[in-house]
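Encoded as structure tokens, the structure appears first; notes follow it.
Number of protein chains: 2
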Amino acid sequence: MFDFSYYTPTKVVFGKGTESKTAELIKEFGGTKILIHYGGGSVVRSGLLRRVTDSLDNAGISYVTLGGAVPNPHLSLVYEGIELCKKENVDFLLAVGGGSAIDSAKAIGYGVANEGDVWDFYDYKRKATGCLPLGVILTIAATGSEMSDSSVITKEEGLVKRGYSSDFGRPKFAIMNPELTMTLPDYQTACGCTDIMMHTMERYFTNGGNMEITDSIAEGLLRTVMKNAVILRDDPKDYDARAEIMWAGSLSHNGLTGCGNNGGDWMTHKIEHELGGLFDVAHGAGLAAVWGSWARYVYKDCLPRFKRFALNVMGMGDVGSDEEIALKGIEALEDFFRSIKMPTNLRELGVDATDDDLILMAKKCADGLPNGEFGSAKVLNEQAILEIFKASV
Amino acid sequence: MFDFSYYTPTKVVFGKGTESKTAELIKEFGGTKILIHYGGGSVVRSGLLRRVTDSLDNAGISYVTLGGAVPNPHLSLVYEGIELCKKENVDFLLAVGGGSAIDSAKAIGYGVANEGDVWDFYDYKRKATGCLPLGVILTIAATGSEMSDSSVITKEEGLVKRGYSSDFGRPKFAIMNPELTMTLPDYQTACGCTDIMMHTMERYFTNGGNMEITDSIAEGLLRTVMKNAVILRDDPKDYDARAEIMWAGSLSHNGLTGCGNNGGDWMTHKIEHELGGLFDVAHGAGLAAVWGSWARYVYKDCLPRFKRFALNVMGMGDVGSDEEIALKGIEALEDFFRSIKMPTNLRELGVDATDDDLILMAKKCADGLPNGEFGSAKVLNEQAILEIFKASV
């Protein structure tokens, strides 16, 4: 068991109609001039944005808006947001949307609160010393960014996708109304469920230290997500299933499922980030497409965890050698992915990558790792990453 | 499933030697003049208090100290602490100890930050509008007060024990070094494990709404505590078991195991509070002594939860009627209590209560309930409480 810190100051307000509390929460956390940041037109078309601006109008809170956050959110929009905040003296950010809007808002917050180029933080050059306070109205359950310390931004030049994590970036509040996620396309719902599972699995597949209570929470969370992902595949309007997935998304990435382990593996995420950077695929689908290849490459070096996963999460019987049980668990998760129409390789993902593409992605991935290697289940370098990409074609 | 709020802003620093970070954390949260509040002599004898004051001296942080917090902490000491804080211009409280020191410090914090008599908050007369910021160095895993919004204080006059909950009372940070709990007497360790379980069980036994992911966390937590309580019975120095119990204690009462249910039952706690007020018994032991009688009185009105508890927590087989399975689960938990030397009735608790005592406690308990009744598994009034007391003799 490893020492750990746990810090999740985000105030969660969860349930039907909770977006009506936006103005009240902004006031509670001291916001007076707001940048409302959102993504595509769905928050406009659904009337959500209008409801939010109406409530701010009624409360006498002034605001400016900035739409346009896209999946794998772009650095150029972040720069635009920073300029807008400075010009308008914004003192509080409100992200309305999913991980793209939230991550983009976090980056804007870092850019306003710190001198110099905000990309420095994502390029591992220096650390932020603050962030503009941020609130969230969540409309997609997936990235967990509504409670997490992380954000991921893509620099268009060179298509470089990088993450930055800091407690300053944890939102002050998160409004979570499961009803707001009901109109998501099925594919996006399934991508979200995959991303949620992966946030906990990245923490779960480690060598060198785990905590029993953390394991029990992680395993319960994974079982809950799988069960409710299937419910939503068949009935996207099931409120309780939406709520289970939404709350699982926050718990999966706020740190809870990593307490006492050694920080987690995270290589599936890092490998997928290259896919997302080069091919602009949906993050969750990208994770599903490479996970099996990663798992088969590393499982012998992390056998006790893969066996435990097979038994306690995938419900395999304790029959056969540890390696056989572990492999059955990997296959069972791939079967689950297929059952919710997630890809299990690049072809199914719709990515037709050339050998040169794979080599480029492996190189960029390794370039982004400290000393060119990373991982806890197994430490991977450029060559290992390339092998995993090749196996995932 | 019910709507919920979840707010746990406490920064947890968990692991060996983490008390060395006290001064750094106090500075991070803006403390400049500290009241160090502790209980009995053990934090003095162990050298912990000296290590803490040395670290504050080295960091140039000034402080005053106030010891003497006792189990079921007294209102008179709270008044003394309030006066001391006002006289010394204290702006930050540091509780070193278990639930008694923390709860007493919270009450002091309310008293300093609000005009008028602090007992008003515990007597349901009005609500606090703030609390002096508070940090914790935890030495007993039990009450979960290090992350919770609650505190319980006993007014000596009339031996009235009452709780008050408010987000203002949530500690800014909690330093948790499992090694600090290793010298606890076995009885106190077992009492702590019981209290931890009960904080989750009070939330678990509800009617009218539960959340699957919350249930899975609650059940995993309860199994973890039972397993590690037995390990500590046999080897009190087992670090990993101490750590599992310590973290379970925080998660059990910070709100996590109640998300999506309807607030919980809490009648076992309220019944025990009367025992604690009149006979000054250890809180955990008091809970164990009355739980079985409570459970047998209410289980038919909350049968699905009692059945689920028997199957998923106590590992009973799914054989027999629901009522039979539920009763087996209740018996199995009483067997567990006995296995860690916890009482399962008042006699084993060492309380020789007269009929008049029982009548008095039932009356005081009902007097402290809104409209004289409370509970979710089953709503209990004065007569029902008396029946439970009588069955627990």
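Chains U and L supply the protein sequences, listed in that same order.
Start counting the first sequence at 48; every next residue gets the next number (our numbering).
Start counting the second sequence at 48; every next residue gets the next number (our numbering).
Yeah, the Cβ is synthetic: ideal placement off N, Cα and C, and Gly gets one too.
In the DSSP annotation of this structure, the continuous segment of the beta strand (DSSP E) that includes residue 209 of chain L starts and ends at 207-212.
In the displayed model, residue 195 of chain L falls within coil according to three-state DSSP, outside both helix and strand. The alpha-carbon separation between residue 267 of chain U and residue 168 of chain U amounts to approximately 34 Å. Against residue 268 of chain U, the close residues of chain L are 260, 263 and 264, in the order they occur along the chain (beta-carbon pairs closer than 9 Å). For residue 143 of chain U, the secondary structure class from DSSP, reduced to helix, strand or coil, is strand. Residue 78 of chain L and residue 141 of chain U have their C-alpha atoms spaced approximately 30 Å apart. The beta carbon of residue 304 of chain L sits closer than 8 Å to the beta carbons of 246, 247, 250, 251, 261, 264, 265, 268 and 298 from its chain, once the five residues preceding and following it are set aside; these are given in chain order. Just so you know, the alpha carbons of residue 176 of chain U and residue 383 of chain U end up roughly 42 Å apart.
Residue pairing for residue 300 of chain U: DSSP places it in no beta bridge. Secondary-structure assignment with DSSP links residue 354 of chain U through no beta bridge to anything. Contacts with chain L at 8 Å (Cβ-Cβ) do not include residue 284 of chain U. Along the segment 392-422 of chain U, none of the residues has a CB nearer than 9 Å to a CB of chain L. Note: residue 182 of chain U is bridge-paired with U:141 and U:220 in the DSSP secondary-structure output. In this structure, the beta-carbon distance from residue 345 of chain U to residue 425 of chain U falls below 8 Å.
In this chain, residue 58 of chain L is not harboured by any alpha helix (DSSP H); it is covered by the beta strand (DSSP E) spanning 51-61.
Of the candidates U:87, U:73, U:133 and U:128, the residue whose Cα lies closest to the Cα of residue 107 of chain U is U:73. For residue 54 of chain U, at least one C-beta of chain L is nearer than 8 Å to its own C-beta. At a Cβ-Cβ threshold of 8 Å, residue 240 of chain L and residue 387 of chain L count as neighbours.
DSSP, reduced to helix, strand and coil, places residue 200 of chain L within a strand of the structure shown. For residue 306 of chain U, the chain L residues whose C-beta falls within less than 8 Å of its own C-beta are 61 and 294, listed in chain order. Listed in chain order, the beta strand (DSSP E) runs fully inside the segment 89-118 of chain U are 109-113, counting runs of at least 3 residues. Relative to residue 270 of chain U, the option among U:153, U:50, U:253 and U:296 whose CA is nearest is U:296. Using a Cβ-Cβ distance cut-off of 8 Å, the segment 180-187 of chain U and the segment 198-207 of chain U are not in contact, since fewer than three pairs of beta carbons, one from each stretch, lie closer than that value.
Under the three-state reduction of DSSP, residue 326 of chain U is assigned to helix. Look at residue 242 of chain U: its C-beta is not under 8 Å from any C-beta on chain L. Going by C-alpha positions, residue 100 of chain L is about 24 Å away from residue 216 of chain L.
Among the residues facing chain L, residue 252 of chain U is not included, as its CB has no counterpart in that chain under 8 Å away. For residue 287 of chain U, the closest Cβ of chain L is nearer than 8 Å. Closer than 8 Å to the CB of residue 248 of chain U there is not a single CB belonging to chain L. For residue 290 of chain L, the nearest beta carbon of chain U is closer than 8 Å to its own beta carbon. Proximity of chain L to residue 48 of chain U at the Cβ level (cut-off 7 Å) is accounted for by 287 and 290, in chain order.
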